[in-house]
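Using my numbering, you'd call the opening residue of the sequence shown number 8 and step up by one each time.
The C-beta atom is built at its ideal place from N, Cα and C for all residues, glycine as well.
One structure is given below, encoded as C-alpha cells.
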Amino acid sequence: MSDFEAQLRAVSLRVTRPRLAVLAALRDHPHVDTETVIALVRADLPTVSHQAVYDVLRALTETGLIRRIQPAGALARYETRVGDNHHHVVCRSCGAIADVDCAVGHAPCLTASGDHGFVIDEAEVVYWGLCPGCAAEPVQ
Ligand SMILES: [Zn+2]
Ligand SMILES: [Zn+2]
C-alpha cells in the first residue's frame, strides 16, 4: 500500500485513481493552481473531468490532506505539505511561490499586539517581494 493510500484511508476517503493522481501531482509540483493540477492529472488519466478534479481538491482540502493557499490577487494553489504552519514568499512580478518555514515553529507565529478578547490560533503570514529571476531582470 502506498503512503497516499494509507493517508486516504486514515481520513476515511475511498482510494480512487483520481485522488492518488492529484496527491502525486501536488507532491511533485507544490503550489500549482487548479488548471495545472488538471493538466498534470490528465497526463496519467486522460479522461478525468474538470469537475472530478475540483471534487478531489475539495475533498482533500476538507480532510486536511492538502492545503489550499490563496495569496491576495492570485488563483488558489494547493500543496501536500500540511500541518507545519509554514508560510509563503510570493513574487509580485511573476507569481512564483516558495515555502518559508514558520519563524517560531508553531501557530500563531506572530503575537497580536491586542487580541480584543479573541482566542487567536493562527496568523496568516505572506512575504511579498521579487523572486531571483525577476529581481535580476534589467528595469525597462
Ligand atoms: Zn518572479
Ligand atoms: Zn507551501
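{"Query": "Candidates His94, Val29, Arg16, Leu117, of which the one nearest histidine 57 by Cα", "Result": "Val29"}
{"Query": "Beta-carbon proximity of proline 25 to glutamate 86, cut-off 8 Å", "Result": "no"}
{"Query": "Segment contact, 8 Å Cβ cut-off, at least three pairs: the stretch 75 to 85 with the stretch 109 to 121", "Result": "no"}
{"Query": "Residues surrounding ligand 2 [beta-carbon distance to nearest heavy atom under 6 Å]", "Result": "Pro37, His38, Glu86, Arg88, His93, His95, Asp106"}
{"Query": "Cβ-based neighbour list, valine 89, same chain, cut-off 8 Å, excluding 5 preceding and 5 following", "Result": "Gly71, Leu72, Ile73, Arg74"}
{"Query": "Contact test: serine 100 Cβ vs ligand 4 heavy atom, cutoff 7 Å", "Result": "As for ligand 4, it is missing from this structure, which binds only ligand 1 and ligand 2."}
{"Query": "Span separating the alpha-carbon of arginine 52 from that of glycine 121", "Result": "Looking at the sequence itself, residue 52 is leucine, so the reference to arginine does not match. Going by the C-alpha atoms only, they are around 50 Å apart."}
{"Query": "Check: alanine 81 C-beta below 7 Å from any heavy atom of ligand 1", "Result": "no"}
{"Query": "Beta-carbon separation (whole angstroms), valine 44 vs leucine 33, contact threshold 8 Å", "Result": "7 Å"}
{"Query": "Through-space distance from tyrosine 134 to glutamate 42, alpha-carbon basis", "Result": "24 Å"}
{"Query": "Run of the alpha helix (DSSP H) containing cysteine 141, from where it starts to where it stops", "Result": "139 to 143"}
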